[in-house]
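One structure is given here, and the rest of the page talks about it.
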Amino acid sequence: MPSDEPPARRHSLRLLGTPFAQLGGTEHPIINELPQRLLAYLALSDNWVEREDIAEMFWPTLLPERRLANLRRALGRAKTLPWAAGLEAERSRLRWRVETDVAAFEAGEEPAAVLGLWRGPLLDGMREDEDGPSTNWLTDERLRLEARFGQLTLQHADELIETQPASAAELLENLLQRDPLDEEVVQRLMNAHAAAGRPGQARAVYRRFAALLESELGLEPLNETRRLLGEVDVAAQEPEATGGDVLGSLSEGARRVLEAASLAVAPFTLEQVAPATALSAWLAVEGLEQAVNAGLVVAEPNGYRFTHESLRLAVSGRLGSERRALIEQRLALALERVHGPPALIAGHFDRAGRNTEALRWHQRAAEDAIRLALPSVALEHLERAAELADQDSALVSIYLQQAKLLDGMVDHPGRERMLALADACALRLEDRVHLARVALDRADYATTRGEAGEAMAQAERALELRPNGPEAARAHYIRARVLLLKGPNAATAEVEDALRRAEAELPPGPSALRGALYLKGFFALAYWSGDMNAAAAHLDVAIESLEETGQQAGLAEALNRRGVISVATGDRDGALRSLNDALAIARDSGVVWTHRGIILNLLKVHTDAADVEAAVPLVEEGLALAHDFAPYSEASFLLAVGYVRYLQGELGAAGRVWERAAQVADASGHRVARVAARFPPFHVHLRSGDLGRCRDLLGQVAELLESEDSPLLRSRLEVKAARLAVEEGRPRDALDLVAPWSARTDVEAEERADIGLVQALAHLTLGEPRLALDRLSACEDGPSFEITLAALALKLRLLKVLGLSWRETAAAAQTKLESGRVTPFEAVDLLSALAEAHDACGEHDAGRRLAADAGARRERLQASMSVGVSG
């Protein structure tokens with residue numbers, strides 16, 4: 071068990087005001103996203119918190135299993151943040167002991183020091199879209215901390231009133247803005263202004279308060295407040311001191327420090343602003359001390375800040391444009407020397423009008439944001455970089471970066487817009503390297519979308535430009551990937567030639583491109599060719615390159631593929647090791663598109679071994695993952711899981727999953743998802759004889775499709791209705807239902823095969839075996855296992871009925887059964903048909919064995935239905 075002692079605290083969080091993390095002298099923004107909100111909650115708890123409590127707070131409307139699955143995913147994403155070190159996790163609880171300004175704010179005893187920590191409300195800018203436990207918690211915490219801030223402000227103002235009344239007044243003005251009707255604060259503020267020799271401001275405070283009290287509540291100020299006003303009037307014998315008088319009384323050194331500080335990001339340090347003052351170190355220190363003593367600047371644990379924002383604005387507002395630009399430039403240079411945050415450096419150079427330097431630092435800031443998985447922040451910096459760039463060569467790189475980010479954000483129109491801009495710049499340059507880069511990026515996106523023609527055209531275009539090195543390697547690699555899109559029938563020699571050419575252009579040693587080349591190129595080619603030994607060897611090279619270069623997405627996919635090979639070779643333990651390693655990477659790095667595939671492969675490994683205990687958590691994790699995208703994806707995953715259960719012969723379990731899929735689809739309102747969720751259970755009910763439930767399901771689908779113009783869904787509905795008609799003894803109705811669809815050319819292959827099977831069954835029912843046999847030719851090679859296996863069993867029966875040779879068909883049926891790749895009901899059909907054929911030709915022992923096997927399977931299916939299959 072982890073120690074209760076806090077870990078070494080090399081980083082800290084600033085959660086009061088706009089939140090950020092400090093790590094190694096660099097500030098990292100804490101944005102309003104779930105992983106950051108989770109970390110903030112744990113940091114503020116500063117102790118062990120039960121996982122179930124956290125999950126219920128953030129996902130109160132979900133089931134417990136779904137909450138915990140969502141928590142695991144959010145935690146995995148949180149761990150990728152560079153400032154999240156030290157997070158402790160046990161089976162049932164979490165803890166993150168990290169230094170925070172909130173802890174110091176609550177523990178501090180000296181009001182002056184503690185108030186210096188206050189930058190604004192807790193987690194300012196963070197919010198939830200809806201009310202809920204996490205929103206209520208944040209609201210309560212903010213109110214609690216603001217109450218302490220008010221108490222400390224009053225306490226500190228009381229301490230300052232005698233010696234620094236102007237500073238006390240600044241504190242109280244700030245406090246009064248939070249609650250303008252707080253009469254106790256009004257009284258103290260009037261006293262402070264009076265003590266500072268500013269009776270006019272004391273009167274102004276009273277007048278504002280009295281007017282607001284009258285308009286809001288219809289009341290007058292208390293007698294004590296009115297008495298204070300009278301005392302102010304009596305004591306008003308000295309002229310008022312103004313803010314301008316205070317600034318004017320400062321030395322030149324103090325004014326220079328304040329001017330530089332007014333343009334710096336708070337809290338500022340002397341080391342940061344001194345270079346912008348052109349003062350010696352000693353004079354800068356004196357100037358800062360004078361500003362502090364005058365109550366214009368206050369010290370904080372990490373630097374200094376103005377006592378009031380209005381004061382900072384007043385100072386900066388007095389600066390001329392040339393002086394302002396010079397200070398901004400010097401602030402940027404000071405931050406450069408200490409390796410400050412690129413975003414701050416970019417901002418200072420930008421405001422200084424130093425476009426070349428600002429361009430470079432905005433690009434650096436974008437790179438930082440990309441590493442922190444903040445694509446929207448990266449885009450903002452790149453957009454500004456594009457405005458500053460005055461050369462097409464720089465614009466090409468900026469636009470291509472933007473295109474990549476927009477593609478990741480699924481903004482395809484935005485991506486295409488950026489690619490078009492990059493293309494235009496490259497054409498103006500007439501530079502083959504830049505033209506090749508644009509073409510290769512276009513080819514990459516087209517390959518991902520499966521647009522082989524466009525991808526190949528862009529890759530060929532890039533090669534025509536005769537690029538060298540990595541760009542040439544990319545072009546040959548993309549050509550190979552496009553050829554591989556054709557699947558097992560791809561031209562092996564041509565693919566291998568393209569891959570070899572790509573490798574020849576790469577420098578020696580591991581690289582991200584070499585890892586991709588071996589994973590998606592050499593491995594894929596060997597795998598499609600059936601050479602598992604070569605495929606495994608290529609994966610080893612890919613994994614080594616991807617590990618060396620930190621390509622987590624590729625590494626997770628490579629380990630996933632290694633698991634698939636282990637499954638194919640019967641190495642279940644090896645498959646579990648590789649797939650679990652891949653899953654851990656996908657969870658921690660947020661590689662969602664790979665995450666789903668890994669879960670499905672693990673589900674297969676576990677369900678093949680009937681390890682339900684291991685499979686159930688994966689199913690829940692997969693559901694939570696699909697939910698991160700859209701209800702349609704979630705329902706699709708459920709249907710896939712249900713089909714796995716069905717293939718395992720667990721009809722009741724499949725039915726429960728399908729019922730849940732229907733609930734998710736219904737809740738989403740997605741019409742196609744709702745229709746799709748009704749079809750899988752239809753087949754089970756049909757084969758088990760529950761025709762009433764079949765009619766209910768088809769009625770629901772018909773109602774959903776009343777206003778839907780979808781030939782695919784309509785054809786599927788009417789083919790199912792025809793199949794039901796056959797089972798109900800209405801073969802003529804069945805033929806009438808499918809006749810219009812059999813004549814169309816826009817019906818998909820699966821429906822066309824299903825139509826052939828329905829027609830064959832209907833003709834057999836009508837006593838027309840020859841017509842039935844003819845119709846089976848349309849479905850023997852169909853894409854659906856259920857249809858092809860049912861057609862094979864029916865063909866065997868028809869051949870026997872017609873007195874035709876059936877041995878070859880029986881051998882094919884036996885091969886299918888021995889392969890194990892059979893669906894539950896169709897396996898019974900095949901065994902029964904084989905039993906009848908063998909029995910008819912006098913092979914009674916074989917017939918009895920096959921019939922017994924069919925009967926045993928049928929009983930197991932009936933037993934698995936004991937919990938019921940819903941729709």
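Everything in the sequence shown is counted per the numbering used here, starting at 71 for the first residue and increasing by one. C-beta atoms are modelled at their ideal positions from N, C-alpha and C, and glycine is treated no differently.
Problem set entry | Spatial neighbours of residue 255 in its chain, beta-carbon cut-off 7 angstroms, leaving aside the 5 residues before and after | Position 185 of the sequence shown, counted from the start, is the residue given in the question as residue 255. The residues are 242, 245 and 246.
Exercise. What is the DSSP secondary structure of residue 229, reduced to helix, strand or coil?
Worked result: Mapped onto the sequence shown, residue 229 falls at position 159. The answer is helix: DSSP assigns residue 229 an H, G or I state.
Exercise. For the candidate residues 410, 439, 738 and 456, whose alpha-carbon lies nearest to that of residue 426?
Worked result: Locating residue 426 in the sequence shown gives position 356, counting from the first residue. Looking at the Cα atoms, 456 is the closest of the given residues.
For this session: Would you check if the distance between the CB atom of residue 709 and the CB atom of residue 688 is smaller than 8 angstroms?
Result: By one-based count along the sequence shown, residue 709 stands at place 639. By one-based count along the sequence shown, residue 688 stands at place 618. Contact flag unset, no.
Problem set entry | residue 99 - partner residues in DSSP beta bridges | Position 29 of the sequence shown, counted from the start, is the residue given in the question as residue 99. Per DSSP, 90.
For this session: Could you pull the start and end residues of the beta strand (DSSP E) that residue 24 belongs to?
Result: The structure shown does not extend to residue 24, since the chain spans only 71 to 941, so no value can be given for it.
Exercise. Can you find a heavy atom of the ligand PLP that lies under 7 angstroms from the Cβ of residue 534?
Worked result: Among the components of this structure there are no ligands whatsoever, and the ligand PLP is therefore not found.
For this session: Alpha carbon to alpha carbon, how far is residue 186 from residue 212? Give it in angstroms, no decimals.
Result: Looking up residue 212 in the sequence shown gives position 142. Looking up residue 186 in the sequence shown gives position 116. The alpha-carbon atoms of residue 212 and residue 186 are separated by roughly 17 angstroms.
Exercise. Whose C-alpha, out of 836, 774 and 783, is nearest the C-alpha of residue 803?
Worked result: Residue 803 sits at position 733 when you count from the first residue of the sequence shown. If we check each option's Cα against that of residue 803, 836 comes out closest.
For this session: Express the C-alpha separation of residue 592 and residue 948 in angstroms, rounding to a whole number.
Result: The question about residue 948 has no answer here: the residues shown for the chain are numbered 71 through 941.
Problem set entry | Separation of residue 358 from residue 404, as counted between CA atoms | On the sequence shown, position 334 is the one that residue 404 refers to. On the sequence shown, position 288 is the one that residue 358 refers to. Cα-Cα distance, rounded: 17 angstroms.
Exercise. Is there contact here, the segment 167–182 with the segment 101–116, by at least three beta-carbon pairs under 8 angstroms?
Worked result: yes
Exercise. Would residue 684 pass as a contact of residue 655 if the rule is Cβ separation under 8 angstroms?
Worked result: Position 614 of the sequence shown, counted from the start, is the residue given in the question as residue 684. Position 585 of the sequence shown, counted from the start, is the residue given in the question as residue 655. No, Cβ-Cβ distance for residue 684 and residue 655 is not below 8 angstroms.
Exercise. For residue 81, which residues does DSSP report across the bridge?
Worked result: Here residue 81 refers to the residue found at position 11 when the sequence shown is read from its first residue. In DSSP, residue 81 forms a bridge with 93.
Problem set entry | residue 529, buried or exposed, once every other Cβ within 10 Å from all chains shown has been counted against 16 | For this step, residue 529 is matched to residue 459 along the sequence shown. Residue 529 should be labelled buried.
For this session: Decide yes or no for the touch test of the segment 791–800 against the segment 746–765: beta carbon pairs closer than 8 angstroms, at least 3 of them.
Result: yes
Exercise. Quick one: what's got a C-beta closer than 6 angstroms to residue 330's C-beta in the same chain, skipping five residues either side?
Worked result: By 1-based counting over the sequence shown, the position of residue 330 is 260. Closer than 6 angstroms at the Cβ level, and outside the excluded window around residue 330, lie 343, 346, 347 and 397.
Exercise. Is residue 170 helix, strand or coil by DSSP?
Worked result: Taking the sequence shown and counting its residues from 1, one reaches residue 170 at position 100. Strand at residue 170.
Problem set entry | residue 876, buried or exposed, once every other Cβ within 10 Å from all chains shown has been counted against 16 | As a position in the sequence shown, residue 876 is number 806, starting the count at 1. Residue 876 comes out buried.
Problem set entry | Spatial neighbours of residue 236 in its chain, beta-carbon cut-off 6 angstroms, leaving aside the 5 residues before and after | The sequence position of residue 236 within the sequence shown is 166, counting from 1. Hits under 6 angstroms: 266 and 365.
For this session: Taking residue 376 as part of the beta strand (DSSP E), name the residues at either end of that continuous run.
Result: On the sequence shown, position 306 is the one that residue 376 refers to. Note, residue 376: beta strand (DSSP E), 373–376.
Exercise. Once you ignore the five residues that flank residue 903 on each side, which residues in its own chain have a CB closer than 6 angstroms to its CB?
Worked result: Start at 1 with the first residue of the sequence shown, and residue 903 comes out as number 833. Hits under 6 angstroms: 863, 866 and 867.
Problem set entry | Neighbourhood of residue 829 by C-beta distance below 6 angstroms, restricted to the same chain and skipping five residues each side | If you number the sequence shown from 1, residue 829 lands on position 759. The answer, listed in chain order, is 845.
Exercise. Do residue 721 and residue 771 have their C-beta atoms closer together than 8 angstroms?
Worked result: Here the question's residue 721 lines up with position 651 in the sequence shown. Here the question's residue 771 lines up with position 701 in the sequence shown. Not in contact: residue 721 and residue 771 (Cβ atoms no closer than 8 angstroms).
For this session: Taking only runs that begin and end inside the segment 470–509, name each unbroken alpha helix (DSSP H) of 4 or more residues, in chain order.
Result: 482–499
Problem set entry | Cutoff 6 angstroms; reference residue 839; Cβ partners in own chain excluding five residues on either side | Position 769 of the sequence shown, counted from the start, is the residue given in the question as residue 839. Here the set comprises 868, 871 and 872.
For this session: With a 10 Å radius around its C-beta and 16 neighbouring C-beta atoms as the bar for buried, classify residue 676 as buried or exposed.
Result: Numbered from 1 along the sequence shown, position 606 holds the residue referred to as residue 676. It counts as buried.
Exercise. For residue 942, does the count of other Cβ atoms within 10 angstroms reach 16, so buried, or fall short, so exposed?
Worked result: A query on residue 942 cannot be resolved here, the shown segment of the chain reaching from 71 to 941 and no further.
Exercise. If you pair each beta-carbon of the segment 540–552 with each one of the segment 500–517, do three or more pairs fall below 8 angstroms?
Worked result: yes
Problem set entry | Exposure label - residue 558; buried when at least 16 CB within 10 Å | Your numbering for residue 558 matches position 488 in the sequence shown. Per-residue confidence for residue 558 stands at a pLDDT of 45, beneath the threshold of 50, marking its modelled position as unreliable; the derived number appears in the next sentence. When all chains shown are included, residue 558 counts as exposed.
For this session: Pair every Cβ in the segment 640–649 with every Cβ in the segment 124–136, then say whether three or more of these pairs are closer than 8 angstroms.
Result: no
Exercise. Does the Cβ-Cβ distance between residue 223 and residue 257 come in under 8 angstroms?
Worked result: On the sequence shown, residue 223 is found 153 positions in, with the first residue counted as 1. On the sequence shown, residue 257 is found 187 positions in, with the first residue counted as 1. No, they are not a contact pair.
For this session: Quick one: using the 10 Å Cβ neighbour count with 16 as the cut-off for buried, is residue 408 buried or exposed?
Result: In the sequence shown, the residue the question calls residue 408 occupies position 338. Its Cβ having fewer than 16 others within 10 Å, residue 408 is exposed.
Problem set entry | Top-ranked residue by Cα proximity to residue 822, from 892, 843 and 847 | Translated into positions along the sequence shown, residue 822 becomes position 752. The candidate whose alpha carbon is nearest that of residue 822 is 847.
Problem set entry | Assigned secondary structure, residue 157 (DSSP; H/G/I helix, E/B strand, else coil) | Residue 157 sits at position 87 when you count from the first residue of the sequence shown. It is coil, neither helix nor strand.
Exercise. How would you write the range of the alpha helix (DSSP H) that residue 450 sits in, first residue to last?
Worked result: The residue you call residue 450 lines up with position 380 of the sequence shown. Where residue 450 is concerned, the enclosing alpha helix (DSSP H) stretches over 445–458.
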